[in-house]
Structures are given as structure tokens and as C-alpha cells.
Amino acid sequence: MDVLERLRSGYAPRRQGSLPGRGPGDPARSAILVPENEEPLPTQKFVYDFTEGNKDLKDLLGGKGANLAEMTNLGLPVPPGFTITTEACKVYLESGSEPPTLRDEVSAHLEALEQKMGKKLGQADNPLLVSVRSGAKFSMPGMMDTVLNIGLSDASVAGLAAQAGDERFAWDSYRRLIQMFGKTVLGVDGELFEEALEEAKRAKGAATDVDLDAGDLKQLVERFKTIVAQETGREFPQDPREQMDLAIRAVFDSWNGDRAKLYRRQERIPHDLGTAVNVCSMVFGNLGPDSGTGVAFTRDPASGQQGVYGDYLANAQGEDVVAGIRNTVPLSELERIDKASYDELLRIMEILENHYRDLCDIEFTIERGKLWMLQTRVGKRTAAAAFRIATQLVDQGLIDEAEALRRVNGAQLAQLMFPRFDESRIGDGGAERIGWGIAASPGAAVGKAVFDSYTAIKWSRSGEKVILIRRETNPDDLDGMIAAEGILTSRGGKTSHAAVVARGMGKTCVCGAEELEVDTKRRCLTAPGGVVIEEGDVISIDGSTGKVYRGEVPVVPSPVVEYFEGRMHAGAEDADELVKAVHRIMAYADRVRRLRVRANADNAEDALRARRFGAQGIGLCRTEHMFLGERRELVERLILADTEAEREEALAALMPLQKGDFIELFEAMDGLPVTVRLLDPPLHEFLPDITELSVRVALAEARKEPHENELRLLQAVHRLHEQNPMLGLRGVRLGLVVPGLFTMQVRAIAEAAAERRAAGGDPRAEIMIPLVGTVQELEIVREEAEKVIAEVEAANNVDLALTLGTMIELPRAALTAGQIAESADFFSFGTNDLTQTVWGFSRDDVEASFFTAYLEKGIFGVSPFETIDKDGVGSLVRNAVAAGRATRPDLKLGVCGEHGGDPESVHFFHEAGLDYVSCSPFRIPVARLEAGRAAVVEGDGGSDSR
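Under the numbering used here, the first residue of the sequence shown carries the number 17, and numbering increases by one thereafter.
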């Protein structure tokens, strides 16, 4: 269906939660909005003047509208305008039509704006022009729509020329309107306009669009109007109010555009917020050399350093800067170009940073020497900048330590722990520097060169690491940017689309590498000296320095990891500034957090590293990992034993090996708790592959070779073969069915603890029974374990103080937690298996088959194996916590699934009342930080500053 037909019919894509197969006029559809016998609230207000709002109304006015209102309140130079609320957008998306009162409200505010400006929208002799911009609660750079210069038409372009005294400016503004409106509102392919513009420049011999004169632009306008008519079947709208209304609807529709939905999934922004629409009187940066537009940051968003950062482009409109189509000059150059405007901008930047108490991102326009503020927001920043800025603001007295902790997060800390390039070894692998651009988003990225998003996605899905190379990126490149390891552009600056989006995603990015000639059609890059990078060649980009290399550059550990490893001290005189900032925030997080953080570790090496990273014990030692390699044969013999003598022989061989493992582990974690999970593999992991074994037997029979042992083994494997091993003979069931297995492990734990105690150590072992579904299973195993422990204690004349508990990883266990707690000293939630059994998923199967489709369709915002499913799995966890503690108030509670290191899940476990989380050693700092943030957020009544 044509875009215009959709708009006229009120059609809107179905949102999750709306009724299928019903049009906007269907009574049942209407009932979603207005319950029967209930009138709509007549007092609901859908439009706010910039003078009416403030920065705390982001839910209603969106971030852009709320901040425009705030700057207006501060007395800063903001062009007058008004904001249509997110509530109006929600009604439109749900019903397919605008709220009945919206048109009249918009008319009233437009009339007030016209009176204030002394001219009417599109007035022929002196036209008022406006911009229509999106503005959601959370910043979504370039993901939704903007249209400038609305109100221009064949009738008013001459009036604008007379008003400005500049015919070229008027026609340039008109061609921009048709281009933006055609692409954004009418759905015309933007490449058609770009090709026409390039053709006009070639005909003129012009290097840039600035070199086109009024006559050239007038011809271009006619060409653009022809493109619109050919592609849409209608003329470009000449009625200014129709232009504005269609643009407003386009902004509403853009909330559910593919790129906006993809960005929200990537950034975990809720899909039901809607966007506000900001209608603002135009100010013009394309009026000549004394006009221009720019983006400024009150601090460097890449490093956090204080100073003057940003980009400026003379004789241009705002979209030119963000799009990166023309290369900008550094903001500091504005001092030479227009010192009065530069000084005024610095004054306003200081006001805004002190007011918002944070790094501010500012968009501005200078119109013939007059500075105007078009937008401000708390700026996106890199992970390193986030930590540095937070501590700088504490030192300046603008925020306290609790607020500094709120302003960083675990995902940023994880980014800081990735390796970086070792510049001292650049030549080792044949790598050579071929270019240098702007360091837009830090990190070290290595991959194969690709020149479009489609290839980036395709190669990434096949396991290749890629670097996306473009002249400049636009919002349609988002999915390719997500798939790539890093982004390289030959145009644009630190505020270009590529830079802003990459920083938000934590992707390595180098922009504005002008000496590199990117040819996307031939799929190659040419560097100085004639060096050519073809698609598929390996390149390396350094987002911290802006350097670009051919080949693979070796990497070295991050200084933050060196700090956690204890090889770099934050207090040293030569300590890295970033390390000092991380140390300060981590120290505060450790002071305020309630949740303890343990490690999932199966050997002494991992345990020692976990301890260096701040682990307060081991929350999961998986003993099945101790039986890999040569030991696997011993377990196989135990499982397949036909006689008690064979079984005892296998157990006797395993016992000293297990004891030695536990002695090393208890020594590494001396004085800290170590939770040892008894054997819990699916049975098939310790048995020969049935297909491989069958082939061996068949071949032996065909060759008439002796094969009695293999035939006996095949019969046993057939006897024990399971259709669904994950739900078969494993965990506590294995311990109950294979006599002596669990008691051997318990004896090894007890004797190892006794030996460490005799050596002067302080072992604190906790024995965990896996996959319990009913209290009777736990009672039997506990009774047998207690007998063994008593024997070891008596033989060594020592009280080992061993505790016994269970994993809660089955729905039935969670639902009967009160009963199970009668025989358990502790619970540890195994959220990996609990998620599988709650959802009915086999993780290995579903992640490879349909999870991608579920994420794309919005069924999942994020995989439930990555972040805890609060409504389903989380509900069972809460139930088990309450029931378990009702039975045993001193019941210790933890989690040992992979969710224990996921930032969002850590907050849930804090709220649920757990005592500790356990995760892999590398994620321990992340869990510590998020546990501190969870405590601070709880102290604020649950408000988190994003």
C-alpha cells in the first residue's frame, strides 16, 4: 500500500498487544482505547509550548522536547516552538488515527507561534518555516525522522529569498525540504535525490553542493519534484499545513520503523514508549559564511577529558553535520571564524553542564552571527569516558559517589576489560599503518573488510569477524554496524552518525579518514601510496588513536584487567587515570553492596584468578569438569559396571583424584566458602558415542575380528541410551541409581577439608546436591552424606562444619521450596536449567534454530538465557525465596547460573533477597559493580539514572 494511502486511511502497523485483523473504525478496536460507557478525558493535553515543560518530563515530552523546554526556562536562545506528546503517538499507533482533539490543539499552538514570530506558516511574502523532529524518552540517534524547512512551496520560495536577501539560500532550503520530505514522509528512495544532486554537481563542475548557484538549485528543485511525482504518483504538497501534518504522522510512524525497532532491541529500550514530535521555528545555518551549524560536547565523549570538543560546518544545516556528508572543522576553529558566537557558546556550555551535572551534547545553529540552541541532552559517551567523567564530577563537587556509581554500568566495565593493540609489535604479523582518522569510539577491532551492511551481516552470521567500511554511515546501516567488530568511514567527525551510534553501542569506530578513498561500488579502499584493500582483506582499526592498519595487529591486555589481576596499582604515581577512576568507583560499590559475589570455578587456577578479581568464594564447582580427559574412562567404567567389585574398583581409582582436586581448591580459596556440586552431567557425556561404537562393532564383525568387549559395551550403551539426556539420568538421580558415586565424592570433600585443617588451613566447604525435584531425594542423599562426614570427622578428630544444600533448577523444586528447605542448609538457583525447563527449551537447539526470529519479531527483547526472565523464571525464584525462608529463616540463598554475571539480572537477584551471585571469574568485577548499583538504586526508591 502506498505511503500516502496508508496515511489517508489511518493504517498503522499492528503493535504487539493490539488486535489482529481489525481496522481503526472497528468498534472492538476502539474499545481498546475507550472502555464502553466511558467518555475520553476531555482535559487530556497533547501539545505543550516550549515554555510549559521541563527536563523531568521526558516520559511525556521525550528527551528533546523536555530539554528544549528546560533551556527555554534557563533563558537560553531557543527558537520558539511546541511539542506533541508521546501520549498522542501512543494513541496514533494503537488506533491508526490521531487523537480527536490533536488537530485543534496543534492549530492553537501554531497560531500562537505565528503571532510570536509575526508571520504565518508558508506565508508567500514572508514565510514562517518550521522543523518537525522526533524525540523519544531515550536518545536514538538517527533512528527516527526529521524534516526541516516545512512551509516552503512554489509560492513562498521567492518570499524567503526576499526576506533573507539571498536567492541561492532560498532555493537551497527548498531542495532540502523536497529531498527530506520525499525520503522521510513519502518513502522515496533517497539515492534518487543523491544521484540527481551528484549529476548537478558534475554538470557544474562543482566539488560540493555549496558551489551550486541559485540557478543550479532552482533546476534541481524541479528535478526533485519530478522524482516525487514519478515515485509517488502525486505532486509534492504545496499546502504548508498538509506538509506539517504529514510530517508529524511520519514521525509517529517512524517509531515502528525497522531501524528504530532494531536500535531499541540493541539498546534494550522498551517498545511501548512512543515518540514525541517537536515543531520548532526554523533558524538557518545555510545563509552564507557568517552562518553555520555544529555539535558540541562539554567534555570529550571519547576520553572524558575536559576541553572544547565538537564539529562545526559553515553555511550548512544541522543534518549535514550528523550525516557526515561534508567534512567538518573542529569546534575550536569557530573561535577564529566567529569569536563572539564562540564565546557565547562556551558560556552556555558551562551553564548547561553545571545545570545537568553531566556531559552535555549540544546542537546549535548560527544565523548571521546570532547563536541559537536547537537541542541538548546528556551525551552518550564511551566506557572509559563514563568512568573518568563520573569521578571528575565528584571532585568538582557536582555529584556524590552514589551518583557516580549510578552513572556507570557493568556493560561499560566489561568493555574496558577487552584487549587493546600492542603498537610495539605492529610489524610482527606483517601489519602496516595505511591511514589515520578521527578516534571516534575506542577499542581494538580486527576483521575482514566489507563495504555494505548486507555483506557484514551475511559474513558475521557465518562466523567471520568484519570491519564495516563506508564513506559515511546512515541509519539504514544500523544492522551492519551491529554485526561488525568495528566501523571505518572516510568522512564525518566525532559527531557524525557513525561516531554517535558506535559510542552508544560500545563499538570501535574511526571516522573521517580522508586520506582513504572508499569505493563502495568496486568494494575496495585505496590508501596513500597506492595500497588497495579489497573486500575480504584483513584490517585493524584503533578507535583510541584513529589509526588504520592493513593486516592483523597483536593485542595486549587492558590496563583495567592488569589492575584487577594485581599487576597495576591504582595508587602508584604512574597509574593510568582510567585505572584510578575504576578503582574509586569499584571501592565505593564494594562498600555499599549487600550482595556478595562468588565465582564459578572448577580448578585452583581459576579460583586464584577469581580471588584476585574480588571473588568472595566459589558458588559453583562443577565436579563433572574434573572427570574430563583420561579420567573419563574411570567414570565410564563406574557407570557400566556389572558387579559390585567392578564398581568398587572404579570408585577406589577415582577417590584420590577427587581428593587431590579439592585440596588444591580449598587451599586457593582458604577462608572463603566453596560450594561443590556433586556430579551432574547428562549420562551420555560419559559414554561412548552410540553411532561411532555401532560402526566399530559392525566393521569388526564384517572383518571377523574379535570384538567381545566392544559388543558388551555397545549393549550397555544401548541399555542406558536416552532420547532426551538433559531430562534423563543425571544429577541426584545418578547419585541414587549408581551406588557409591555421591558418597565417594562426599568422602573426598570431607577428607580434603580435614587434611587442609590439619595443615593449618581454613576450608569452608558446602556440598550441593543437583537437580532435586522432591524433598525425598534430598533426604536420602543427605542422610548418606552425613554418615560419611561423621566417619571422616571421627577419624580425624575434627569438626568440619560442612553444610549440605541443593540447586533449585526445576519448576517443581521452586514450587515446593518450603518442603525442600527442611533438609537444606542453602539453596543455589541454577537459572540455566530453570530457564530451559520453565520455557520448555533445549538451549543448544533453540538458540541455533528460532531464537533469532523471536528476537527480530519482538517476542524476546533479549534472550532469557542472557537476562533473567523476571515474569516467568523470576516469579519462581521469588516464590522459592519466600517459601524457603518461611521454613528456615537462616537459609542461605545464591544463584550460580550464567545470569549471576548479567548486569540486569544482578539487580533482580538483589531485589529478590538473595545473599550472593556467582559467575565466571572474568565477570566478577561486573557483578561487584552492579551489586553496588543495585544497592544505591534501592536506596533511591528504585530510580535508576540511565
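We put the beta carbon where it would ideally sit given N, CA and C, even for glycine. Given the structure is predicted, the values throughout are model-derived calculations rather than measurements.
*asked:* Going by beta-carbon coordinates alone, are Arg-384 and Asp-306 separated by less than 8 angstroms?
replied: On the sequence shown, residue 384 is found 368 positions in, with the first residue counted as 1. On the sequence shown, residue 306 is found 290 positions in, with the first residue counted as 1. Going by C-beta atoms, Arg-384 is nearer than 8 angstroms to Asp-306.
*From this set, Val-107, Tyr-470, Lys-464, which residue's C-alpha is nearest Glu-480's C-alpha?*
One-based indexing of the sequence shown puts residue 480 at position 464. Taking only the C-alpha atoms, the option nearest Glu-480 is Lys-464.
*Please confirm whether Gly-320 and Arg-422 have their CB atoms less than 8 angstroms apart.*
Residue 320 sits at position 304 when you count from the first residue of the sequence shown. Residue 422 sits at position 406 when you count from the first residue of the sequence shown. Cβ distance not < 8 angstroms, so Gly-320 and Arg-422 don't count as in contact.
*Mark Asp-377 as exposed unless 16 or more other C-beta atoms lie within 10 angstroms of its C-beta, in which case mark it buried.*
Reading the sequence shown from its first residue, position 361 is the one you call residue 377. Answer is buried; the Cβ neighbour count reaches 16.
*Between the C-alpha atoms of Trp-855 and Glu-920, what's the straight-line distance to the nearest angstrom?*
In the sequence shown, counting from the first residue as 1, residue 855 sits at position 839. In the sequence shown, counting from the first residue as 1, residue 920 sits at position 904. Whole-angstrom Cα-Cα distance: 20 angstroms.
*Check the C-beta distance from Ala-617 over to Ala-605 and give it rounded, since I have them as a contact under 8 angstroms.*
As a first step, residue 617 must be located in the sequence shown, where it is residue number 601. As a first step, residue 605 must be located in the sequence shown, where it is residue number 589. That pair is no contact at about 22 angstroms.
*Three-state secondary structure (DSSP) at Phe-98?*
The sequence position of residue 98 within the sequence shown is 82, counting from 1. It is a strand residue.
*To the nearest whole angstrom, what separates the beta carbons of Ala-943 and Gly-913, a pair I think is in contact under 8 angstroms?*
Your numbering for residue 943 matches position 927 in the sequence shown. Your numbering for residue 913 matches position 897 in the sequence shown. Not confirmed; about 12 angstroms, so no contact.
*So is Asp-658 in contact with chain B if we call contact Cβ pairs under 8 angstroms?*
The displayed structure is made up of one protein chain only, and chain B is not part of it.
_Identity of the residues DSSP links to Phe-845 by a beta bridge_ = Taking the sequence shown and counting its residues from 1, one reaches residue 845 at position 829. Partner(s): Ile-824, Val-911.
*Taking Gly-310 and Leu-329 to be in contact with their CB atoms under 8 angstroms, please state how far apart those CB atoms are, rounded to whole angstroms.*
Start at 1 with the first residue of the sequence shown, and residue 310 comes out as number 294. Start at 1 with the first residue of the sequence shown, and residue 329 comes out as number 313. Right, their Cβ atoms sit about 7 angstroms apart.
*Taking the continuous beta strand (DSSP E) assigned at Asp-65, which residues delimit it?*
The residue you call residue 65 lines up with position 49 of the sequence shown. First-last of the beta strand (DSSP E) with Asp-65: 63–65.
*Along the chain, where does the beta strand (DSSP E) that runs through Met-784 open and close?*
As a first step, residue 784 must be located in the sequence shown, where it is residue number 768. Its beta strand (DSSP E) spans residues 780–785.
_CA-to-CA distance, Asn-294 to Gln-254, given in whole angstroms_ = Here residue 254 refers to the residue found at position 238 of the sequence shown. Here residue 294 refers to the residue found at position 278 of the sequence shown. Taking the Cα positions, Gln-254 is about 21 angstroms away from Asn-294.
*Would you give the residue range spanned by the beta strand (DSSP E) that Val-146 belongs to?*
What you label residue 146 is simply residue 130 of the sequence shown in a count that begins at 1. Where Val-146 is concerned, the enclosing beta strand (DSSP E) stretches over 146–152.
*Using the rule of at least 16 other Cβ atoms within 10 Å of the residue's Cβ for burial, across every protein chain shown, is Glu-649 buried or exposed?*
Numbered from 1 along the sequence shown, position 633 holds the residue referred to as residue 649. Label assigned to Glu-649: exposed.
*Per DSSP, which one or two residues make a beta bridge with Lys-464?*
Within the sequence shown, the letter at position 448 stands for residue 464. Partner(s): Val-482, Val-554.
*Report back the beta-carbon spacing between Arg-507 and Arg-487 to the nearest angstrom; my notes put them in contact at under 8 angstroms.*
Position 491 of the sequence shown, counting from 1, holds the residue named residue 507. Position 471 of the sequence shown, counting from 1, holds the residue named residue 487. Contact holds; Cβ gap of about 5 angstroms.
*Kindly indicate which three-state DSSP category Arg-949 falls into: helix, strand or coil?*
As a first step, residue 949 must be located in the sequence shown, where it is residue number 933. Residue state, collapsed to three classes: helix.
*Reduced DSSP category for Gln-333 - H, G, I as helix; E, B as strand; rest coil*: For the purposes of this step, residue 333 is identified with residue 317 of the sequence shown, where counting begins at 1. Correct three-state label for Gln-333: coil.
*Might you give, ordered along the chain, the residues of its own chain that have their beta carbon closer than 6 angstroms to the beta carbon of Ala-951, omitting 5 neighbours on each side?*
As a position in the sequence shown, residue 951 is number 935, starting the count at 1. Listed in chain order, the non-local C-beta contacts of Ala-951 below 6 angstroms within the same chain comprise Val-608, Arg-609, Arg-610, local neighbours out to five positions each way being set aside.
_Test item: CB-CB of Asp-686 and Asp-778 under 8 angstroms_ = Here the question's residue 686 lines up with position 670 in the sequence shown. Here the question's residue 778 lines up with position 762 in the sequence shown. Cβ atoms of Asp-686 and Asp-778: closer than 8 angstroms.
*asked:* If contacts are defined as beta-carbon pairs under 8 angstroms, then Asp-693 and Leu-636 qualify, I think. What distance do you get, rounded to the angstrom?
replied: Sequence index remark: in the sequence shown, residue 693 carries index 677 (1-based). Sequence index remark: in the sequence shown, residue 636 carries index 620 (1-based). At residue 693 the sequence reads Arg, which differs from the Asp that was named. That pair is a contact at about 6 angstroms.
*Figure out for me which residue from Asp-495, Val-569, Glu-103 has the closest Cα to the Cα of Val-462.*
Translated into the one-based positions of the sequence shown, residue 462 becomes position 446. The residue with the shortest Cα to Cα distance from Val-462 is Val-569.
*Curious, which full-length beta strand (DSSP E) runs of at least 3 residues does the region 481–525 contain?*
Runs of the beta strand (DSSP E) inside the region 481–525: 482–486, 502–505.
_Distance, Val-526 Cα to Leu-945 Cα_ = On the sequence shown, residue 945 is found 929 positions in, with the first residue counted as 1. On the sequence shown, residue 526 is found 510 positions in, with the first residue counted as 1. Taking the straight line from one Cα to the other gives about 29 angstroms.
*To which residues of the same chain is Phe-185 closer than 8 angstroms at the C-beta, ignoring the five residues directly before and after it?*
Position 169 of the sequence shown, counted from the start, is the residue given in the question as residue 185. Around Phe-185: Leu-176, Ala-177, Phe-300, Asn-302, Leu-303, Gly-304.
_Run through the DSSP bridge pairs and tell me what Pro-689 is partnered with._
Position 673 of the sequence shown, counted from the first residue, corresponds to residue 689. Looking at the DSSP assignment, Pro-689 forms a beta bridge with Arg-780.
_Is the separation between the beta-carbon of Val-754 and that of Leu-730 shorter than 8 angstroms?_
Here residue 754 corresponds to residue number 738 of the sequence shown, with the count starting at 1. Here residue 730 corresponds to residue number 714 of the sequence shown, with the count starting at 1. No.
*Quick one: grab the DSSP three-state call for Gly-326.*
Here residue 326 corresponds to residue number 310 of the sequence shown, with the count starting at 1. It is a strand residue.
_Tell me which residues share the same chain as Tyr-325 and place their Cβ nearer than 6 angstroms to its Cβ, disregarding the 5 neighbours each side in the sequence._
Here the question's residue 325 lines up with position 309 in the sequence shown. Cβ within range, chain order: Phe-313, Asp-316.
*Residues near Val-791 by beta carbon distance below 8 angstroms, same chain, minus five either side*: Within the sequence shown, the letter at position 775 stands for residue 791. Closer than 8 angstroms at the Cβ level, and outside the excluded window around Val-791, lie Thr-832, Gln-835, Ile-836, Glu-838, Ser-839.
_Alpha carbons only, please: which of Val-808, Ala-180, Val-237 is nearest the one belonging to Gln-195?_
One-based indexing of the sequence shown puts residue 195 at position 179. Closest in alpha carbon position to Gln-195, among Val-808, Ala-180, Val-237, is Val-237.
*Tell me where the beta strand (DSSP E) around Ser-476 begins and ends.*
As a working mapping, residue 476 is identified with position 460 in the sequence shown. Note, Ser-476: premise wrong, no beta strand (DSSP E); alpha helix (DSSP H) at 469–477.
*For the alpha helix (DSSP H) that Gly-834 lies in, which residues bound it at each end?*
Here residue 834 refers to the residue found at position 818 when the sequence shown is read from its first residue. Residues 833–836.
*Would you tell me roughly how many angstroms separate the C-alpha atoms of Val-226 and Arg-280, rounded to the nearest one?*
Here residue 226 refers to the residue found at position 210 of the sequence shown. Here residue 280 refers to the residue found at position 264 of the sequence shown. Going from the Cα of Val-226 to the Cα of Arg-280 covers about 36 angstroms.
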